[in-house]
Structures are given as structure tokens and as C-alpha cells.
Amino acid sequence: MENTSNKEEQNNQNNSDSEVGDVEPRLKYVRVRNDLENILQNDAASCIAFLCLGSHWGMIHLLDHQGNNIQSKSLQAHTVAVNQISIDYKGDFIASCSDDGKVFIYGLYSTENNHKMNMGRLAKSIAIDPNYYKNGNGRRFITGDDKLVLYEKTFLSRMKLTVLCDAEGGVRSIAWIGHFVAWASDTGVRVYDLNARCSLGLIKWTRSADALPEHYRCNLRWSDDRTLLIGWVDIVRICQIRKRSMQEMINRDLPEYVVDPVSTFQVDFYISGIAPLENQLVLLGCLKELDENGKSQRPTLHVVEPKFQDFSIVCANSLTLRGYKEYSCNDYHLDCLKEENRFFIVSPKDIVVASLYNADDRIEWLLSHGKFEQALEAVTVNNEKDCKKYTLVNVGRVYLDHLLDCEKYNEAGKLCLKIFGKDKKLWEEEVYKFAKVHQLRSISSYLPRGDVTLDPLIYEMVLFEYLKMDPNGFLDLVKEWSPKLYNAAAVVNGVLEHLIHNQRQNVLLEALAILYIHDGKYDKALAMYLKLRHKAVFELIRKYPLSKTIFDMIEGLMDLDAERTIQFLLEKNRVPSDIVIQQLEHNHRYLYLYLDALDQKDTENSKSKHHGLLVQLYAYYSRDKLLPLLRRSDNYPIQQALDICSQLRFYPEMVYLLGRIGNTSEALALMTRELNDMESAIAFCQEHDDEELWNDLIIYSLDKPKAITFLLQKIGTYVDPRLLVQRIKPSLKIPGLKKALVKMMCDYNLQVSVQEDCKKILSNDYFNLHERLVKCHQKGIFIDGR
7 MENTSNKEEQ
17 NNQNNSDSEV
27 GDVEPRLKYV
37 RVRNDLENIL
47 QNDAASCIAF
57 LCLGSHWGMI
67 HLLDHQGNNI
77 QSKSLQAHTV
87 AVNQISIDYK
97 GDFIASCSDD
107 GKVFIYGLYS
117 TENNHKMNMG
127 RLAKSIAIDP
137 NYYKNGNGRR
147 FITGDDKLVL
157 YEKTFLSRMK
167 LTVLCDAEGG
177 VRSIAWIGHF
187 VAWASDTGVR
197 VYDLNARCSL
207 GLIKWTRSAD
217 ALPEHYRCNL
227 RWSDDRTLLI
237 GWVDIVRICQ
247 IRKRSMQEMI
257 NRDLPEYVVD
267 PVSTFQVDFY
277 ISGIAPLENQ
287 LVLLGCLKEL
297 DENGKSQRPT
307 LHVVEPKFQD
317 FSIVCANSLT
327 LRGYKEYSCN
337 DYHLDCLKEE
347 NRFFIVSPKD
357 IVVASLYNAD
367 DRIEWLLSHG
377 KFEQALEAVT
387 VNNEKDCKKY
397 TLVNVGRVYL
407 DHLLDCEKYN
417 EAGKLCLKIF
427 GKDKKLWEEE
437 VYKFAKVHQL
447 RSISSYLPRG
457 DVTLDPLIYE
467 MVLFEYLKMD
477 PNGFLDLVKE
487 WSPKLYNAAA
497 VVNGVLEHLI
507 HNQRQNVLLE
517 ALAILYIHDG
527 KYDKALAMYL
537 KLRHKAVFEL
547 IRKYPLSKTI
557 FDMIEGLMDL
567 DAERTIQFLL
577 EKNRVPSDIV
587 IQQLEHNHRY
597 LYLYLDALDQ
607 KDTENSKSKH
617 HGLLVQLYAY
627 YSRDKLLPLL
637 RRSDNYPIQQ
647 ALDICSQLRF
657 YPEMVYLLGR
667 IGNTSEALAL
677 MTRELNDMES
687 AIAFCQEHDD
697 EELWNDLIIY
707 SLDKPKAITF
717 LLQKIGTYVD
727 PRLLVQRIKP
737 SLKIPGLKKA
747 LVKMMCDYNL
757 QVSVQEDCKK
767 ILSNDYFNLH
777 ERLVKCHQKG
787 IFIDGR
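Number 560 in the working numbering belongs to position 554 of the sequence shown; there are no gaps in the numbering.
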């Protein structure tokens, strides 16, 4: 057998293997050529057993696998067509029979056990003992015509004949395995046990008016030493030989073995041959219907999966064999070599060998039928074992080209990751296919970016495509990709050129800022972020040495985020306060926020330099912080602060400042006249303990009854209350006067009592101390006379 090479042979090959439907086949076909073609030009095949071909002229040709005739083994065994050929297990001996009445046993390597017998009647079938090659095995064979006869070689090479079956009609087919023989007659199929010399049962055939069994050859095949396959007319039967149980054989004269039907089903064609294929069957058949010209249609080869009373078709092929239009069911033969799953399909003028698809064949079929995903899966599973022609890469490339042709670019991108992995060379070869159709975006997320990287030009091509077609995607890619993958300066130039014509300015400016960072141009990146008002600027100035660069950008940073800007300015004194004040001198609010934060930081610098300015800023932006600052700080010009507070009428602050400069009378006047705050006024007088202040406060209160009442309640502890009581007009109505007087007198008495007690304590202390002094002076004094 050989594969075709020229155009004519290729066409013949295509015709001999035509798939029915789009079902994945299990078998591939090769026409046997070489010497066989010459043989069949002058003769016609009548039967086959493996590579022993029987012809209509009575010849037996032994062929090799390429169809070459082994000349020394060609035999003119008969004068008319060979009906059947049988071979033993080892292929050492061949048995044949013919209508010329001759039975021929021929040893390929020895002539010791050869036989050539003339039976004197038609010999329709023959089977040689599978163990015929063994010494001392009886050298048996069986012939069939109107009866079935067993021939055994006995002592002195005599032949012993035993009729196994008679009166069942013509024996048309024989199959022998081990000690079981099956044959087909007009009645049905019988299975026989040669050891027990008994029949195990007769499988009768159903006769039909449409198709009489005797008009069709019965096809028998042993799939193993216990399973018999039968294909007759359009019925398939699978029979199993099993050993009877002891219970079945008790008190009954039954054979040790019994034949059980396993599966029976009908097909829609006439069966020309049957063979096993793993757990499936191979059926050679002819369609029942003729073509429009009344001629036979092409034979078919089906692979089916049998069930109990049904079957399912795995695949089916129509075969174009030479002269098929003139042939019928009995003209075709099917033989097999089970060990190799190889099947020989024979017609009178042609032989085709079918064999299982190997991994490469299956992948080729899947690719040719557009089943790319399945092909990719198949090559992945079988790559290290069976595939010789196909690899993951070459199958993947075919699939990739298909996806690109179908414009399924996203799927193509995913496929690249699967088939190219980390192979730099493959990526660089195939990525240009995406560039041609402007679909580098579909592959961008799958490009290698880890231990293995590609030529920087490839990453730049992807970025430029995004730049032109998807600015947002371009920005995302710039954020995601490491700058080590491409030349950042080259991409920057591309962005600058593109900015002129693109309206998506903000997106591209942000990308440009990131690219400037990658290129080490941090000042330009900072300017871009400020232009965009993007808060990433703070991360930038923290990460890179940009403190001096931002001197002229402080106000812009404050516009973007004042809080974060101030935090940065104060962190580790990155920027001197004098520079910040200089940059913010025209923006008082930002200056206030900065100096307030600086003051809260409580550094020596903040205490000594900027409180004068901060007083002014507090006055306008945060008055609640002004008085605490005035109280705690000495580093501001008091008169300037007083002027500001006076201008803004901040009386509490003015009171404090007037008190600090010694103008207590004016301060008290503000508290009484402007603030009307007697309690603060009294506290102020208590703080300064000045009789003039108390006198001013009393004078202020004389015409104010409520103030007099309040003053009477507080003054008794600090000054002589008579100063107030003597000045009150007798006609003035004072609310709560009685209680106020009682309170005043109690406070005054308490004050007097305290003073007297203090006087007593002081007097006693005086005399005690004086006494101690006198006693000290009266003591003797040590004088050293030396």
C-alpha cells in the first residue's frame, strides 16, 4: 500500500475516501497499488485472507504491504475462481478451495504438510485449524459444500474424514477459532465444539421474500475466542459463548458451553463484510437502492456502536472502488488484521486498506473541516506521544490565521497566549499579523511582560495603535506596562505629535505626565499634573527630589489640594517658610492656612518669625484663634495688633492688648461701655488690683441699678463697700438690693474676720520669733584661745 503522489492518483484517493456528512471519521483509506494493479487488470479478485488474494482465474497471490507481488509465492492453485482462503495464526500455511473441487493446503516455509485434494464436488468454503502450524496438533482443516467435513491427519499421514453436519443445505461460510467452529448454511448459523464433538446451537435465519439468505453470503468473524460476529443480508448478530453453570447441567445432558445472543439489529444496507474495532463494529455494505440509471451505488463502510436491539453510527464513508456500478453485495469482501486495526476492502478490480486515524490524521481532518478548537485540544493531548506531523504551534498558527480571517481578534489574542507561551521568536513572528489589520489592541494584554520580553519596537507599535484609536486604552496601558518594555522618549514624541490633532487632551496629558516620569523628566511631569489638576502630583513630589522645583508652583498646588500641599510643605521642612510666604503673599487665605498649620506644628521657627502676620490673618479668617495667640505669644507688634482689632472692633482682644500696654482705664471702659460685661470688668479690676480702676467701675455703675446690684454682690471681698454704698442716690430703685447688701456684708465681715485672724497670727509669729532671737543672743559663744 502506498500514498498517492501524482495528480491522477490523488484524485483516485479522494474518490476512494469520501466522507458522508460532517461526522469525524475513524478510518482513513489507501488504495493498494503497485503489482496489484497489474494483477487485477488481467484477473479479478474473488476472495482475500489478509494479504493472500484469490482470483477468478484460480490464482493465489501473496502480496506485501505495498501491494507488491511476491513472485515466488504466487500459486496456480485452481482452474476456476477461488471461493475461500484460510490462514493459520502464524501465517505459515494457506488453505483454499474452488468450484473445481480441489482443496489446496500450502506451506509458505515447508512442504511437509502440504495437501492437494480433489473432492469430486464443488468446494464452497474452507477453514484451516488456527494452530495448524503446531507439530502434533492433528493438522486439521474443514471443508464445506452440501455438508461439513473435518479432515484430520493421522498415523502414517493418512487423512481421517468426519462429517460434522449434513442435510442443512449448502455450507457457505466457515469461521474457526480455538476449539469452536461456526458455519453458515441455508438454515442458519451453527456453532460447534470440536473438543466435545457437539453442536452448541443453531441460530436460524428469518427468511424474507425480498431477500433470500441463500442469495447473500453470510459473513462470519470471531472478534475473540468467545464472541462471534454475524452479518447476513441486512441483519447483524453478536453472539457470546459462555460456560454453563453447574446448576444448569445437573440432571441434564447438555453441552458444557452455550451460545447467547448479545445484540441483534437491522441496518439499511446489504452486508458484505463484518469486523471488530475495539468495542465497535466495522460493516462493509451495499445500498439497497440503485441509482437513477439502475446501477449499483458506491459501497459504504460504516463504523457502528452496537446496543442490545439497536446501534448508533459513529462514522460512515462511501467508497469509490473501480467498477462499483457493476457489482453487487457478494462481489465485495472485508478482511481485517485485528492486532493493527487494519481492514482490507476487496472488489473484483480494486483493494482499499482502511486503518484507524492516528493523531496526525485526526488533526488533519479537524483542520480541513474547520474544527480548530478540537484540533488544538487533540494536539495538546497527543503532542508528546503520537503526533509526528503536527505540533501545538503549527496547528495554533492555522487556527490563528482562521480567527484573523474571520475578524475574531479577541479570540485570536487569547489563542496566542496559549500557543506561543514565552517563546519570544514565535511572538515576534506572529504579532505582525495583528499589526497588518490594526488589531494590536486585541493582543496587548497577552504579550509577555515578565521574565521574557519582546523587542521594544513591538510594545511601541501597540502603544501607537492605542494612541490613534483608543486614547483611554493608551492611558491604561501606560499605567500598567513597565517602562522597561519600550523607549519612553519615543512614545513621548508620538504623543506630542498626536496632541496637535486630538481633542482628548486631558487623557493624553495624563499619559504624557506618566511617560515623562518614566523618562526621568519629573519637572515636566509635575507641570502636566498641575495643568490637569491631578492629585497624583503629590505622590510625584514625595517620591522624587522635586522640592526646589515646586517653589514657583506652591499656589497651584494649594489650588489643587491645600491640605495635602501644606502637609508636604511642613514635612521635614521640605520648603523654607520664607519661600512659602513669599509665594503666597498675594493669596491671604492660602497664607492663613499655611501659617496656621505652621503655628500648630509649634516649632522654634514658627514662634519667632510670623506671629505678626498671623495676627492679621487670624483677624480676617479665624477670629476664634486670635485671642489665644495674643495671650500666648510675645512675638508680634502690639500696637499693630491693637490697630487691627480697633479697626475691626474686636473689643475683647482690644481689652487684652490695652491691658498689656498698661492702658487699664480704657480697657475697663471698653468692657463696661462696649461689652457691658460687668463680670469681666470685675475680674479685670481684681487682676490689676488698682483702686482707681475700682473707683472708675463704681462711677460707671452709679446710674445703673442692675450694675449696682451685681457690684454689691462682688465688691465686698476686694474693697471697702462703703465706697459704693455712700454714693448711691437715696431715691434710686435697685432690684434685689436687700440680698445684695446681705451678700456684701457677709463678704465684708468675712474679709474683716480674715484680716483680724491674719493680724493675730502675724502678731503671735512676731513675738515668737523675737523670743527665739533673744534666746539665741543670750547663749554662750565658744572662743578658741589658741
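Positions of the beta carbon are idealized from the N, C-alpha and C atoms, including for glycine.
Remember, predicted model here, so these are calculated numbers, not experimental data.
Assumed close pair residue i, residue j - CB separation to whole angstroms, cut-off 8 Å
| i | j | result |
| --- | --- | --- |
| L170 | Y157 | 11 Å between Cβ atoms; not a contact. |
| V586 | L575 | 6 Å |
| K313 | S269 | 6 Å |
| L57 | L69 | 5 Å |
| A83 | G64 | 6 Å |
| Y338 | S318 | Going by Cβ atoms, the distance from Y338 to S318 rounds to 24 Å, so no, they are not a contact pair. |
| Y492 | E466 | 5 Å |
| L235 | P267 | Between P267 and L235 the Cβ distance is about 12 Å, and since that is not below 8 Å, they are no contact. |
Distance between residue j and residue i (C-alpha atoms, nearest Å)
| i | j | result |
| --- | --- | --- |
| I787 | F773 | 24 Å |
| N75 | K96 | 20 Å |
| F99 | M123 | 15 Å |
| D94 | G73 | 21 Å |
| L463 | F349 | 56 Å |
| S448 | G279 | 54 Å |
| V458 | S450 | 15 Å |
| L362 | M165 | 43 Å |
| C651 | R679 | 17 Å |
| I66 | D356 | 16 Å |
| H674 | G618 | His is not the amino acid found at residue 674; the sequence shown has Leu there. Rounded to the nearest angstrom, the two C-alpha atoms are 25 Å apart. |
| C292 | M252 | 45 Å |
| L518 | H540 | 13 Å |
| K490 | V359 | 60 Å |
| G184 | L206 | 15 Å |
| D790 | I767 | 42 Å |
| V760 | N770 | 15 Å |
| C224 | R32 | 25 Å |
| R248 | R232 | 7 Å |
Per-residue burial, residue i [other beta carbons within 10 Å of its own, 16 or more giving buried]
| i | result |
| --- | --- |
| D274 | exposed |
| I560 | buried |
| S612 | A caution first: S612 carries a pLDDT of 49, below 50, which makes its placement in the model too unreliable to give a value. |
| L779 | exposed |
| E436 | buried |
| V684 | First, the residue type needs correcting, since residue 684 is Met and not Val in the sequence shown. It counts as buried. |
| C204 | exposed |
| R548 | exposed |
| T670 | buried |
| L46 | buried |
| Q272 | exposed |
| N141 | exposed |
| M564 | buried |
| Q445 | buried |
| D640 | exposed |
Sequence-distant residues of the same chain with beta carbon closer than 6 Å to residue i, five excluded per side
| i | result |
| --- | --- |
| V177 | S131, G150, L154, W189 and S191 |
| W487 | none |
| Q90 | C53, C103, S131 and I132 |
| I520 | V484 |
| T85 | G64 and D106 |
Residues near residue i by beta carbon distance below 7 Å, same chain, minus five either side
| i | result |
| --- | --- |
| W478 | Rather than Trp, the amino acid found at residue 478 in this sequence is Asn. So the list reads V513, once near-sequence residues are dropped. |
| Q784 | none |
| V399 | I425 and L432 |
| K395 | D366 |
| R127 | G107 and D151 |
| A5 | Not covered by the structure: residue 5. The range shown for the chain is 7 to 792. |
Residues near residue i in its chain [Cβ-Cβ closer than 8 Å; skip 5 each side]
| i | result |
| --- | --- |
| E417 | L409 |
| V621 | L632, L635, L636, Y642, Q646, A647 and I650 |
| Q589 | F557, D558, I560 and E561 |
| D367 | K34 |
| Q315 | S269, T270 and F271 |
Just list the alpha helix (DSSP H) runs in the segment 247-290, keeping only unbroken ones of 4 residues or longer that don't cross its boundaries, in chain order.
252-255
Give the list of continuous beta strand (DSSP E) stretches no shorter than 3 residues that lie fully inside the segment 196-247.
204-210, 225-230 and 233-238
Output the residue ranges of the alpha helix (DSSP H) runs that lie fully inside the segment 416-456 and measure 4 residues or longer, sorted by chain position.
Listed in chain order, they are 430-442.
Which runs of the beta strand (DSSP E) at least 3 residues long sit entirely within the segment 573-609? Give them in chain order.
If only complete runs of 3 or more residues are kept, the segment 573-609 shows no beta strand (DSSP E) anywhere.
Uninterrupted alpha helix (DSSP H) stretches inside the segment 342-393 (no shorter than 4 residues):
365-374 and 378-388
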